[in-house]
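Enquirer: Order-wise, the sequence lines are chains Z, F and C. Heads up, the final residue of the first sequence is numbered 779 in the numbering used here, and it's a clean run with no missing numbers. Heads up, the final residue of the second sequence is numbered 234 in the numbering used here, and it's a clean run with no missing numbers. Heads up, the final residue of the third sequence is numbered 864 in the numbering used here, and it's a clean run with no missing numbers. Ideal Cβ placement from N, Cα and C applies to all residues, glycine included.
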Amino acid sequence: MLKKLTRFYHPKTIEEACLNLGNGELKTAIIAGGTSEVLRQDNSIEALVDISNVKELSYISKDSVFYRIGAGTPVQDIYKTPALTGPSGNLLKAAAGKIGSTLLRNSITAGGNLAAMFPWSDLPVVYMALDAEVVCRKGKPKRTVPVQTIIDKKASQFLSAAEIIAEIAIPMYGKGTGTAFAKLAKTANDYSMITIATRLTTRSGKVDQARIAVNAITAGPVRCIEAEKLLEGQKPTAELIAAAAKKAADSITIRKDFRASREYRKEVFEVMVRRALTEAHEKAGK
Amino acid sequence: MKLNTRINGKEYCLEIKPNAMLIDVLRQAGFKGVKFGCGEGSCGACAVMINGRPRNSCITLAGAAEGVEILTVEGLGNPEKPHVLQQAFVDSGSTQCGYCNPGSLIAAKALLDSNPNPTAEDVKDALDGNLCRCTGYVKRIDAVLQAAEASKKTRKSTRGKK
Amino acid sequence: MAKTLKKETSKKAAPAAKVAAAPSISPIPESPLVFERPDKFNQVNHSLTKVDSMGLVCAQQKYVADLDMQGLLHIKVLGSPHAHAVIKSIDVKEAEKIPGVVAVFTYKDVPRVVRTTAGQGFPEPSPYDTCLLDSKVRFVGDRVAVVAAETPEAAAEACTKIKVQYQVLKAVFDPERARDKDAPVIHDEKDCRVPIPIFYDPKHNHCSHVETAVGDVKKGFKQADYVLEKTYYPHYAQHCPIEPHICMAYLDENDRLVLRTSTQVPFHARRITAQTLGIPVKKIRVIKPRIGGGFGTKQEVLLEDVCGLVTLKTRRPCIWALTRAEEFMAARTRHPMVITIQSGVKKNGAITAISMRIISNTGAYGSHALTVLSNCGSKVLPLYRAENIEFIGDTVYTNLPVGGAYRGYGATQAAFAMECQMDEMAEAIGMDPIKFRQLNHIKEGESSPIFKALGEGREGVDMAIGSCGLSKCITEGMKRIDWAKKYGKPGTGSKRRGLGMCCLMQGSSIPEIDMGAVFIKMNEDGSFNMLLGATDLGTGSDTVLAQIAAETIGCKLEEMIVYSSDTDMTPFDVGAYASSTTYLTGGAVINCAKKVREQIEAVAASMMGEDMKNVTIENGVCYGKGRKNKVTFGQVCNYAMYEHKQFQIGAIGSHISHASPPPFSAHFAEVEVDTETGEVKLLKYVAGVDCGTAINPQLADGQTQGACMNGISFALTEEYIFDENGRMLNPNFGNYKIWSTKDMPELETFLVPTYEKTGPYGAKSVSEISINGALPAIGNAIKNAVGVRITRPPFTAEKVLTAMKELVKPAKAAAKEPKAKAGVSKAAKPAKPAVKAEKPAKATAKKATVAGKKKK
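#1: Assess contact between the segment 357-365 of chain C and the segment 389-405 of chain C, defined as three or more Cβ pairs (one per stretch) separated by less than 8 Å. Is contact present?
#2: With DSSP as the reference, label C563 of chain C as helix, strand or coil.
#3: Quick one: grab the DSSP three-state call for K224 of chain F.
#4: Report yes if the C-beta distance between Y591 of chain C and S773 of chain C is below 7 Å; otherwise report no.
#5: DSSP three-state label for T574 of chain Z, please.
#6: Please report the distance separating the alpha-carbon of N513 of chain Z from that of L596 of chain Z.
#7: Sort C:F536, C:C563, C:G506 and C:S587 by Cα distance to G524 of chain C and report the nearest one.
#8: Rounded to the nearest angstrom, how far is the Cβ of L56 of chain C from that of L565 of chain C, given a contact under 8 Å?
#9: For A771 of chain C, go through chain F and note every residue whose CB falls closer than 7 Å to its CB, in chain order.
#10: Based on the DSSP secondary-structure assignment, which residues constitute the bridge partners of V120 of chain F?
#11: Considering only their Cβ atoms, is the gap separating A753 of chain Z from E308 of chain C smaller than 7 Å?
#12: Find the residues of chain Z that neighbour I729 of chain C, judging by a C-beta separation of less than 8 Å, and give them in chain order.
#13: Taking 7 Å as the limit between beta carbons, can you name the residues of its chain near A105 of chain F, skipping five residues before and five after?
#14: Using only the alpha-carbon positions, how far apart do G286 of chain C and P135 of chain C sit?
#15: Residues bridged to R505 of chain C by DSSP?
#16: Which same chain residues, not among the five before or five after Q534 of chain Z, have their C-beta less than 7 Å away from its C-beta?
#17: Within the same chain, show all residues whose beta-carbon is closer than 7 Å to that of V700 of chain Z, passing over the 5 residues directly before and after it, in chain order.
#18: What first and last residue would you give for the beta strand (DSSP E) that runs through A156 of chain C?
#19: Would you kindly report the start and end of the unbroken beta strand (DSSP E) that includes V97 of chain F?
#20: For chain F, is any of its Cβ atoms less than 7 Å away from the one on C510 of chain C?
#21: Let me know the beta strand (DSSP E) ranges lying completely inside the segment 212-294 of chain C, each 3 residues or longer, listed in chain order.
#22: Classify K224 of chain F: buried if its beta carbon has 16 or more other beta carbons within 10 angstroms, exposed otherwise.
#23: Please report the residue range of the beta strand (DSSP E) in which Q173 of chain C lies.
#24: Is the beta carbon of K487 of chain C within less than 6 Å of some heavy atom of the ligand SAM?
#25: For T348 of chain C, write down the residues that DSSP places opposite it in a beta bridge.
#26: Using a 10 Å radius around the Cβ and a threshold of 16 neighbouring Cβ atoms, would you call L539 of chain C buried or exposed?
#27: What residues of chain C sit near I213 of chain F, judged by a beta carbon separation below 8 Å?
#28: What did DSSP end up calling F444 of chain C once you bin it into helix, strand or coil?
#29: According to DSSP, simplified to helix, strand and coil, what is A777 of chain Z?
#30: Can you tell me whether DSSP reads G87 of chain C as helix, strand or coil?
#31: Short of 6 Å in beta carbon distance, which residues of its chain neighbour I524 of chain Z, apart from the five on each side in sequence? Order them along the chain.
#32: Establish whether the CB of A525 of chain Z and some CB of chain C are separated by less than 7 Å.
#33: Beta-carbon of T521 of chain Z versus every beta-carbon of chain F: anything under 7 Å?
#34: Could you give the first and the last residue of the continuous beta strand (DSSP E) run that contains N76 of chain F?
#35: Going along chain F in order, which residues have a C-beta closer than 8 Å to the C-beta of A787 of chain Z?
#36: Using beta-carbon positions only, say whether G770 of chain C and V148 of chain C come within less than 7 Å of one another.
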């Protein structure tokens, strides 16, 4: 229960936060919404940098190419922002609205969901499906990397000392792109058993880009690359989508989950991928 | 360690342990309307408003409440002068054991603050983190809708007077 | 109907009449058999504001933990990591060294007193098989040691420092294997026993046995056109009050032990704590402040003994609050059961015989083991007419969490089995399931031999049904769910819809066992203090009982100041259980308030110089003949207190009932089943309840809605998941899913008024019955939608999908079609193959027990 914790930092700016994080003396971690039980149970952390009042980390904006979401933005804001529209905005909102409950959505943040990644985290798959980029800041200096880099290495390994995730940049997609989000859980605020985010970007009736990103059924967020490849360059017929769904189901390593058997989850996963792709395809055509 | 925070509009400087949870600090400070239910952010009995956002105080470190504005149910109203939501909970029969009410009222307040004209679906969405085992939720949803309606009337009449 | 009742009651009243004939009137009161029906209701049958509600929403009402107490010690109890083990050695030295630790107790430090934790009337019909602390642990989470420390953190840390050497024993988890020859004996201690002469065989893990028969079931099966047999497996569940168990203890000015506790049974808590600690009852005061829900789990004396021990030994106040995980693992649960029903039915719809055989799993201790079991029969079997009935029930010990009282109390489990079986029977004879029920359900004036055959630890009480609004519940519910239009039309596509329904009954208090008492005194402003033994745990009983008092006395609800459940201040009441408070204590309120009213009338008559029989009371004012004279309640009380022949206007009243009139209910569910994932979406749920006169319709409706939602998540998502060592894997709200607002179906509830003469102002119980409906109604709706009968709830998506696959297995012709599609086409029709297999008479019928029985 954070037995060694002695110090709280309350920075007001990103630079200050990075400075606090890199104090070099205390074992220091970032805290935003603080919903991570792993963090709360950590007995090695000596100091926490509370970034919940860093205003420049909490925003949703857009430019000509990207929706830009500050890492400290509560996911409730993503869920409730009318300005998020189109294939990217709708996918973000669909996923954000299915995270936990209102009370949790007001604590869980866009960056926290990526930094403290759990099998049931819902947003990383959305970022992956949308080919999001992540802006990291180390004081003033910043670097922008594909979200996959952070997912592959885990934020804790990827970020250097005194570096934080500052922003998620979500490319906007126009006509010809469809997205769909799907989640299997017992109740509305249950931990996910299967999380799926899909995107189909089509050109002249053929799939230009396919993304199938999944979590919860797996130990962490992964893309079903082979299934994506099966779709790309092809006309997404019902048969092809079904084949891609099967390929996706065959490609994943299913984690243990006491709530349902592997066989069941695999079977339903295939159904859900098929449906999500079908939905994305329908939307792409509109 | 010291915690400077505003609770229900009043400044507080509280002596806390660095790893203390906000629920415990608030209860020790006398705000007993903050209830313990699960300790993991699943039931919402401990919900308080932090800078206008309804959150679970059982998974919020007290240290993170430095300089913030906290609203507990005690800050909503009292029997002499109840908040419109409190009155609506009473009138609609939303109160059985009452243990989850403070948290639910906070979540409902947050909803009305951001959306004065909610639909039943909006209410269900906003109160989804506040578990209740007694009521089956039906009357509580009505209560929030009633309160929204009552607030609208009050606003209209005060505007009319001006 | 009245005839039957009179016949029966006059017999009962006979000895009493003899007593009354004696020259002096006995000081022992006679409880009235019926209550008069007034011309109109002024206070009852009105949705008046719940008396504590404003205090609750403003957080002014205090729960156990809301009292600040100087020097409070915090208790933590070390739970067993093993399901079955003997403590070989236990060393607490390191734990005692933790700064802040004040005391550590193990079984060596406390006297060994066997008793039950079940908060029932004395002597309890539950075995004395539980100690404060024992040298053996019998389930994961069982008590090992008690730590009291200055802070919760120190107490928790000390628990980790207690060194225990366990000799791990073989455990038994399967209730069907618990009585096997090679099964480990869970209660091998010499001193476990039952306090009343009932069956008890702990050497074979056999905790209780109930057997009764009416007619001849064998003959009944021979008469049947169809004999069906199926086994149902209602599952573990927890009550999940949002306030977990909590108790505070301290010594008062007179060195008496005060227990401020979250309980449904303050008086039983006092008695059982005294028994456990070996101190007189007079040394203990139990106070029940506001309670954050109970639903039965707080009809258990679970924390009071430990808190009492710590305070007596340390002379310091202490508090013990269960964590949510402890609440799941170590508090009480719903007894899971294996229920086999064999039933015979004729083509014309007549039920010729019902045999219900039950194995109930009480876990490691036998709390409520017998009575939950007998309730399975007594609250379910009388619902339908059958000449030949057999009920054989056994409760067994296993090394799993402990069963207890849970809203519904056995009726939930048995109603699931019976109401699914009703649909199976209807399907076998090709009759609409509602018509089949209408043909067979009990009606006003009728009785059932089961009432007498199955009591609680002793013979039950014979009675005829005095009020029954079930027919109306059914017809109104049918309309609301649109049965005629929607039933049996699953539709096409991957999502299929289905309707299901069920009928229910419960009881109202335990006749001639339960007692409630009330004291009312008048104040000089015309208000009244009403001191109740009854326990409002959020149900609204303080309000309902005050309405009854106000109605009887003739004033407004606001004039009643209610104080309940304090063993020093209020008269006795058995507590909040067995659907008794409104029905039973409501009777006590009438008995008490009538006396108060008579006193008021007498004083008013004397004040006005009128004849007492001419005094009428209306809304706190007494009128003389022709309304010429009047005095207010305030004047009456002042007169009685200060002016003439001074005395305190006040009285005490008690009540026992001679019947347990069942409330009735019909529940309807509309589901949509995803045939590719097995997910069940509950679209609409309708429940109609006949609770006699609803004393407070809004509160009665609230009880119904709450019970429905609890039953619904129990049916669909709540479950205990254990690992192979008997440890619960999901002891938290994150993984044990009770429903939130977002999961809600369209929920419609309605009350069907009847008048129950034996109840106060015609009231029957309302709180428990509606938790029983969801399992069968939803189970039947799933069957209607996709043709599968799920006998092992909860109805998870995986179970539904698996069952659908098993259904299509025999259909080889469909082999070429894609899997999912085959499932759909077959499932769309009613499950004919399953029925056919059961068609032959009983010898073969037995073999045809439902598919999918073997799970493990």
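Expert: Looking at the coordinates:
#1: The segment 389-405 of chain C and the segment 357-365 of chain C touch, with three or more beta-carbon pairs separated by less than 8 Å.
#2: Residue mapping note: residue 563 of chain C aligns to position 555 of the third sequence, counting from 1. If DSSP states are grouped into helix, strand and coil, C563 of chain C belongs with coil.
#3: If you number the second sequence from 1, residue 224 of chain F lands on position 152. Residue state, collapsed to three classes: helix.
#4: For this step, residue 591 of chain C is matched to residue 583 along the third sequence. For this step, residue 773 of chain C is matched to residue 765 along the third sequence. Yes, the Cβ-Cβ distance between Y591 of chain C and S773 of chain C is below 7 Å.
#5: For the purposes of this step, residue 574 of chain Z is taken as the residue at position 81 of the first sequence. Three-state result, T574 of chain Z: coil.
#6: In the first sequence, counting from the first residue as 1, residue 513 of chain Z sits at position 20. In the first sequence, counting from the first residue as 1, residue 596 of chain Z sits at position 103. Cα to Cα, N513 of chain Z sits roughly 28 Å from L596 of chain Z.
#7: Taking the third sequence and counting its residues from 1, one reaches residue 524 of chain C at position 516. For the options C:F536, C:C563, C:G506 and C:S587, the alpha carbon positioned closest to that of G524 of chain C is the one of C:S587.
#8: Your numbering for residue 56 of chain C matches position 48 in the third sequence. Your numbering for residue 565 of chain C matches position 557 in the third sequence. In this structure, L56 of chain C and L565 of chain C form a Cβ contact; the two beta carbons are roughly 5 Å apart against a cut-off of 8 Å.
#9: In the third sequence, residue 771 of chain C corresponds to position 763, counting from 1. Think of a sphere of 7 Å around the beta carbon of A771 of chain C: no beta carbon from chain F falls inside it, the nearest being about 18 Å out.
#10: For the purposes of this step, residue 120 of chain F is taken as the residue at position 48 of the second sequence. Bridge partners of V120 of chain F: F:R127.
#11: On the third sequence, position 300 is the one that residue 308 of chain C refers to. On the first sequence, position 260 is the one that residue 753 of chain Z refers to. No, they are not a contact pair.
#12: Taking the first residue of the third sequence as 1, we reach residue 729 of chain C at position 721. Per Cβ cutoff of 8 Å: F751 and R752.
#13: Mapped onto the second sequence, residue 105 of chain F falls at position 33. It should be pointed out that residue 105 of chain F corresponds to Gly in this sequence rather than to Ala. The residues are T144, V145, E146 and P174.
#14: The sequence position of residue 286 of chain C within the third sequence is 278, counting from 1. The sequence position of residue 135 of chain C within the third sequence is 127, counting from 1. Between G286 of chain C and P135 of chain C, the alpha-carbon positions lie close to 19 Å from each other.
#15: The residue given as residue 505 of chain C occupies position 497 in the third sequence. For R505 of chain C, which the question treats as bridged, DSSP gives the partners C:E680.
#16: Position 41 of the first sequence, counting from 1, holds the residue named residue 534 of chain Z. If we look at Q534 of chain Z and ignore the five residues flanking it on each side, its Cβ neighbours are M494.
#17: Mapped onto the first sequence, residue 700 of chain Z falls at position 207. For V700 of chain Z, where only same-chain residues beyond five positions count, the Cβ hits under 7 Å are L693, L724, E725, G726, Q727 and P729.
#18: Position 148 of the third sequence, counting from 1, holds the residue named residue 156 of chain C. Segment R151 to A157, the beta strand (DSSP E) holding A156 of chain C.
#19: What you label residue 97 of chain F is simply residue 25 of the second sequence in a count that begins at 1. In this chain, V97 of chain F is not harboured by any beta strand (DSSP E); it is covered by the alpha helix (DSSP H) spanning L94 to Q100.
#20: One-based indexing of the third sequence puts residue 510 of chain C at position 502. It does not; no Cβ of chain F falls within 7 Å.
#21: Here the runs fully enclosed are 214-222, 234-240, 254-259 and 265-269.
#22: Position 152 of the second sequence, counting from 1, holds the residue named residue 224 of chain F. Sixteen is the threshold: since fewer than 16 other Cβ atoms of the shown chains lie within 10 Å of the Cβ of K224 of chain F, the residue is exposed.
#23: Mapped onto the third sequence, residue 173 of chain C falls at position 165. Element bounds for Q173 of chain C: K171 to V176.
#24: Among the ligands in the structure shown, none appear at all, so the ligand SAM cannot be discussed.
#25: Within the third sequence, the letter at position 340 stands for residue 348 of chain C. Per DSSP, C:T239 and C:R365.
#26: Translated into positions along the third sequence, residue 539 of chain C becomes position 531. Around the beta carbon of L539 of chain C, 16 or more other beta carbons lie within 10 angstroms, which makes this residue buried.
#27: Start at 1 with the first residue of the second sequence, and residue 213 of chain F comes out as number 141. Near I213 of chain F (Cβ distances below 8 Å), the residues of chain C are T749.
#28: Taking the third sequence and counting its residues from 1, one reaches residue 444 of chain C at position 436. If DSSP states are grouped into helix, strand and coil, F444 of chain C belongs with the helices.
#29: Stepping through the first sequence from its first residue, residue 777 of chain Z is reached at position 284. Looking at A777 of chain Z - three-state DSSP - the assignment turns out to be helix.
#30: If you number the third sequence from 1, residue 87 of chain C lands on position 79. The answer is strand: DSSP assigns G87 of chain C an E or B state.
#31: Stepping through the first sequence from its first residue, residue 524 of chain Z is reached at position 31. Apart from the 5 residues on each side of it in sequence, I524 of chain Z sits with its Cβ closer than 6 Å to the Cβ of L541 and D543 in its chain, given in chain order.
#32: In the first sequence, counting from the first residue as 1, residue 525 of chain Z sits at position 32. Not one chain C Cβ lies under 7 Å of A525 of chain Z.
#33: Numbered from its first residue, the first sequence carries residue 521 of chain Z at position 28. Not an interface residue.
#34: Sequence index remark: in the second sequence, residue 76 of chain F carries index 4 (1-based). Start and end: K74 to I79.
#35: Here chain Z covers residues 494 to 779 and nothing more, so residue 787 of chain Z does not appear.
#36: Translated into the one-based positions of the third sequence, residue 770 of chain C becomes position 762. Translated into the one-based positions of the third sequence, residue 148 of chain C becomes position 140. G770 of chain C places its beta carbon 7 Å or farther from that of V148 of chain C.
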